[in-house]
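Mapping of the first sequence onto the numbering used here: residues 55 to 786, in sequence order. We treat Cβ as the ideally placed atom computed from N, Cα and C, and that holds for glycine. Keep in mind it's a predicted model, so treat the numbers as computed, not measured.
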Amino acid sequence: MSDRLLAGLNDQQLAAVTLPAQPALILAGAGSGKTRVLTTRIAWLIQTQQASPQGVLAVTFTNKAAREMVARLGAMLPISTRGMWIGTFHGLCNRLLRAHHRDAGLPQTFQILDTADQLSAIKRLLKAHQIDDDKYPARNVQVFINGAKEAGLRAGQVEVDDPYHRKLVELFALYDAQCQREGVVDFAELLLRSYELLQRHEPIRSHYQERFSHILVDEFQDTNRLQYRWLKLLAGDRNAIFAVGDDDQSIYAFRGAHVGNMADFEREFRVRNVIRLEQNYRSHGHILDAANALIRHNARRLGKNLWTSEGSGEPVRVFEAGSDGLEAAWLVDEIKSLVADGLARRDIAVLYRSNAQSRVIEHALFNAGIPYRVYGGLRFFERAEVKHALAYLRLIENPADDTAFLRVVNFPPRGIGSRTIEQLQEAARSGGRSLYGAVGGVSGKGGANLAAFAQLIDGLRLETANLPLAAIVETVLARSGLLAHYRGEKEGAERVENLEELVNAAAAFVAEEGYAQDAAGTAADAASALPSPLAAFLSHAALEAGENQAAEGQDALQLMTVHSAKGLEFHAVFITGLEEGLFPHENSLQEMDGLEEERRLMYVAITRARRRLYLSFAQSRLLHGQTRYGIRSRFIDELPEGSVRWLTPRLRDGGGLRFGPWHDASLPAAPAAATSREKNGYRIGQTVRHARFGEGVIIRLEGSGTDARAKINFGAQGIKELLLAVAKLEAA
DNA sequence: TCGGTTCAGAGTATT
DNA sequence: TCTGAACCGA
Numbered sequence: 055m056s057d058r059l060l061a062g063l064n065d066q067q068l069a070a071v072t073l074p075a076q077p078a079l080i081l082a083g084a085g086s087g088k089t090r091v092l093t094t095r096i097a098w099l100i101q102t103q104q105a106s107p108q109g110v111l112a113v114t115f116t117n118k119a120a121r122e123m124v125a126r127l128g129a130m131l132p133i134s135t136r137g138m139w140i141g142t143f144h145g146l147c148n149r150l151l152r153a154h155h156r157d158a159g160l161p162q163t164f165q166i167l168d169t170a171d172q173l174s175a176i177k178r179l180l181k182a183h184q185i186d187d188d189k190y191p192a193r194n195v196q197v198f199i200n201g202a203k204e205a206g207l208r209a210g211q212v213e214v215d216d217p218y219h220r221k222l223v224e225l226f227a228l229y230d231a232q233c234q235r236e237g238v239v240d241f242a243e244l245l246l247r248s249y250e251l252l253q254r255h256e257p258i259r260s261h262y263q264e265r266f267s268h269i270l271v272d273e274f275q276d277t278n279r280l281q282y283r284w285l286k287l288l289a290g291d292r293n294a295i296f297a298v299g300d301d302d303q304s305i306y307a308f309r310g311a312h313v314g315n316m317a318d319f320e321r322e323f324r325v326r327n328v329i330r331l332e333q334n335y336r337s338h339g340h341i342l343d344a345a346n347a348l349i350r351h352n353a354r355r356l357g358k359n360l361w362t363s364e365g366s367g368e369p370v371r372v373f374e375a376g377s378d379g380l381e382a383a384w385l386v387d388e389i390k391s392l393v394a395d396g397l398a399r400r401d402i403a404v405l406y407r408s409n410a411q412s413r414v415i416e417h418a419l420f421n422a423g424i425p426y427r428v429y430g431g432l433r434f435f436e437r438a439e440v441k442h443a444l445a446y447l448r449l450i451e452n453p454a455d456d457t458a459f460l461r462v463v464n465f466p467p468r469g470i471g472s473r474t475i476e477q478l479q480e481a482a483r484s485g486g487r488s489l490y491g492a493v494g495g496v497s498g499k500g501g502a503n504l505a506a507f508a509q510l511i512d513g514l515r516l517e518t519a520n521l522p523l524a525a526i527v528e529t530v531l532a533r534s535g536l537l538a539h540y541r542g543e544k545e546g547a548e549r550v551e552n553l554e555e556l557v558n559a560a561a562a563f564v565a566e567e568g569y570a571q572d573a574a575g576t577a578a579d580a581a582s583a584l585p586s587p588l589a590a591f592l593s594h595a596a597l598e599a600g601e602n603q604a605a606e607g608q609d610a611l612q613l614m615t616v617h618s619a620k621g622l623e624f625h626a627v628f629i630t631g632l633e634e635g636l637f638p639h640e641n642s643l644q645e646m647d648g649l650e651e652e653r654r655l656m657y658v659a660i661t662r663a664r665r666r667l668y669l670s671f672a673q674s675r676l677l678h679g680q681t682r683y684g685i686r687s688r689f690i691d692e693l694p695e696g697s698v699r700w701l702t703p704r705l706r707d708g709g710g711l712r713f714g715p716w717h718d719a720s721l722p723a724a725p726a727a728a729t730s731r732e733k734n735g736y737r738i739g740q741t742v743r744h745a746r747f748g749e750g751v752i753i754r755l756e757g758s759g760t761d762a763r764a765k766i767n768f769g770a771q772g773i774k775e776l777l778l779a780v781a782k783l784e785a786a
């Protein structure tokens with residue numbers, strides 16, 4: 055059984071999957087089977103009983119990655135993945151805080167502010183304290199606060215030496231106090247708060263440290279400083295962190311990612327097991343040669359070189375266009391011929407550095423009648439009408455949520471204008487209460503309207519108390535007047551649809567996800583009562599904003615930024631706008647290590663392509679209303695000539711475009727699985743000690759009698775095959 | 001409260 | 001050039 059699990063892994067993958075419980079760093083190149091290693095590792099640990107499903111904690115950055123891990127694990131193991139701690143940093147922290155809300159100093163019903171909610175909370179704060187918003191724009195304050203939190207710092211811990219920053223720190227403290235009063239936490243707070251929870255409460259800390267015998271981290275290069283400390287704290291003395299990442303694909307420094315965490319981890323945890331996954335199962339040789347050559351221009355790397363057992367394939371094609379319009383026109387022609395040759399549109403991606411570049415391309419595609427999908431944009435739970443509905447739901451759960459209150463107090467319009475709101479805010483401030491709590495403090499017509507609104511919320515709370523989640527949502531939509539309001543609007547049809555979709559989402563949440571899922575295996579951890587289905591749904595809405603584009607039905611070309619292409623792969627990839635100033639972006643050149651990050655971004659872009667890669671740039675481009683003349687990106691010149699073919703006269707002859715048949719390389723066939731169980735009292739997964747090699751894990755048992763042999767992974771010492779009769783193994 | 005006008009800014013993004 | 005936010009008048 056475990057042999058089947060391990061079948062088909064290459065040597066490095068096998069070594070990684072079966073490592074002993076020690077700190078390990080896996081440098082997983084693009085397309086090297088990273089997710090497979092992660093999930094197989096978990097399955098291996100569980101199947102060989104080195105860990106129980108409850109004893110594993112696996113953390114990712116996106117819900118998508120977490121879902122994929124759960125799905126693949128479910129396919130590998132006949133166990134329920136429910137109740138396992140596999141999720142995003144934020145999702146897991148939320149779980150921790152829900153279970154220990156009291157110790158974390160939060161109300162049971164605490165709600166999560168998304169980025170937009172946080173910004174409006176800050177705006178409100180600035181207004182209340184009459185801060186000059188020219189000097190302190192809400193956006194900057196937000197960046198400052200989140201930056202501090204992501205570095206693990208509270209207001210009192212930020213060191214400042216000028217009046218400007220002193221004021222920011224002051225606002226930081228006021229903001230935190232406001233959140234505390236309102237019972238809300240922002241994204242960064244989820245992490246910081248749960249870090250502090252573990253740090254300050256020894257029993258809770260040791261409980262989880264003992265429970266999680268194995269911690270696995272995906273995309274380790276993207277962790278920020280706080281996440282690193284969080285992991286370290288949770289790992290305790292055991293230190294069994296299995297970190298998988300690729301420093302060459304670190305492209306999120308701008309949002310706090312600290313690649314240095316990889317080197318820090320290696321040093322601080324004295325990692326003896328650095329394993330490189332360099333065999334690439336995705337791209338043909340020329341594409342990998344281009345990627346390798348490009349990334350070699352970066353100085354600070356842990357070092358890695360991708361290779362493939364497939365052939366060189368086709369060279370990378372480069373096209374020079376006269377203008378951005380002509381670049382798009384060429385793109386259209388090229389895509390048409392790819393499609394004519396039988397390639398599915400969904401297997402072709404057009405990548406660009408910044409969103410604004412999509413416009414010209416979309417225009418050309420639209421005129422040519424080529425179906426396409428643009429990634430990025432508003433997600434389901436971010437739509438105004440959905441956020442309105444959620445605000446009502448939040449108020450039912452937690453009336454002190456002023457952000458939610460202000461969002462819907464006069465929506466749909468009910469005669470509560472800015473005057474009334476000001477009076478209410480004054481009453482709330484002087485009484486030290488929430489807006490909701492201060493409703494009685496406003497007199498006159500506005501006051502009456504406010505009272506009616508408060509009654510509406512109270513009524514909803516009572517009415518929905520015992521209803522199933524979907525019915526709660528339905529009731530709120532009807533009684534709040536939201537549905538009626540949008541039905542009466544000329545162009546409200548889509549909004550009405552979205553609101554109806556919200557009811558479906560609620561029903562699906564209960565049915566599929568099962569809000570009580572968390573409780574299944576973790577009842578012992580949950581010191582307090584479970585959150586209500588409504589609270590769970592609201593967290594879900596904040597933590598998972600949903601799809602960012604609809605209609606995936608038809609076969610459409612894929613348009614996206616290079617950033618959003620990370621982790622994806624396509625048969626054919628176009629990287630467009632390869633001009634100095636655009637890619638690498640001019641703003642990045644001023645930044646510390648900015649150029650290297652841009653180069654990594656290019657590396658990510660190149661390694662998305664399986665079979666065919668196009669690079670293009672334009673001599674002129676309309677930017678901010680003005681024609682800019684660009685020169686081709688240095689990144690093109692950093693590619694090896696032998697792997698590149700110019701389609702326009704430049705370095706080499708132009709030459710006609712020829713297309714070969716598509717070769718689809720499948721993964722190498724898995725060797726036939728052998729069977730083995732216990733031998734001479736040893737079993738697979740067992741940790742043993744060898745006089746010379748130290749501790750290792752048995753990964754295979756073969757032969758019998760005097761010929762009985764064991765294959766053992768000794769981590770840094772490598773994988774050895776030993777005769778059981780000769781080697782003196784002790785059970786560790 | 002809405003709708004039009006003016007003005008600044010324009011990079012990448014998940015939770 | 002285009003977009004979104006802020007602002008002012010009806």
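Who are the Cβ neighbours of residue i in its own chain at under 7 Å, not counting the five residues just before and after it?
i    : result
D65  : none
V780 : none
Determine the direct distance from the alpha carbon of residue j to that of residue i, and round the result to whole angstroms.
i    : j    : result
A61  : E213 : 53 Å
A559 : R533 : 19 Å
I752 : I329 : 18 Å
W361 : G206 : 39 Å
R427 : P638 : 25 Å
L510 : F591 : 21 Å
Compare the C-alpha of residue i against each of the options and name the closest.
i    : options                : result
G513 : F266, L449, D188       : L449
L356 : L385, E224, A82, D301  : D301
S497 : Q477, K221, I305       : Q477
Q165 : A595, G423, G501, T116 : A595
A663 : S642, G635, L622       : L622
E756 : W139, V414, K765, P694 : K765
Can you check whether the CB of residue j is closer than 8 Å to the CB of residue i?
i    : j    : result
A242 : A227 : no
A619 : A561 : no
A589 : E451 : yes
R239 : F274 : Sequence inspection shows Val at residue 239; the Arg mentioned does not correspond to that position. Contact: no.
T661 : G85  : yes
F689 : R665 : no
Helix or strand or just coil, what does DSSP make of residue i?
i    : result
D187 : coil
Q303 : helix
E788 : This structure leaves residue 788 out entirely; the chain is present only between 55 and 786.
D261 : The question names Asp, but residue 261 in the sequence shown is His. DSSP places H261 in helix when its eight states are reduced to three.
H744 : strand
V212 : coil
S363 : coil
Y335 : coil
V386 : helix
G750 : strand
V673 : Per the sequence shown, the amino acid found at residue 673 is Gln instead of Val. Q673: strand per DSSP, three-state reduction.
V325 : coil
T94  : helix
Y429 : coil
K118 : helix
Report all residues from its chain with a CB closer than 6 Å to the CB of residue i; omit the five preceding and five following residues, and keep chain order.
i    : result
A158 : L151, R247, L251
N464 : I470
G145 : L597
A75  : A294
P161 : G237
Excluding the 5 residues preceding and the 5 following residue i in the sequence, name in chain order all residues of the same chain whose CB lies nearer than 8 Å to its CB.
i    : result
Q673 : E374, A375, G376, S377, Y683, G684
A659 : L405, V616, A619, V627, I629
T89  : A119, E122, M123, R126, D272
D848 : Residue 848 falls outside the range modelled here, since the chain spans only 55 to 786, and no answer is possible.
I133 : I100, P107
A192 : L173, I176, K177, L180
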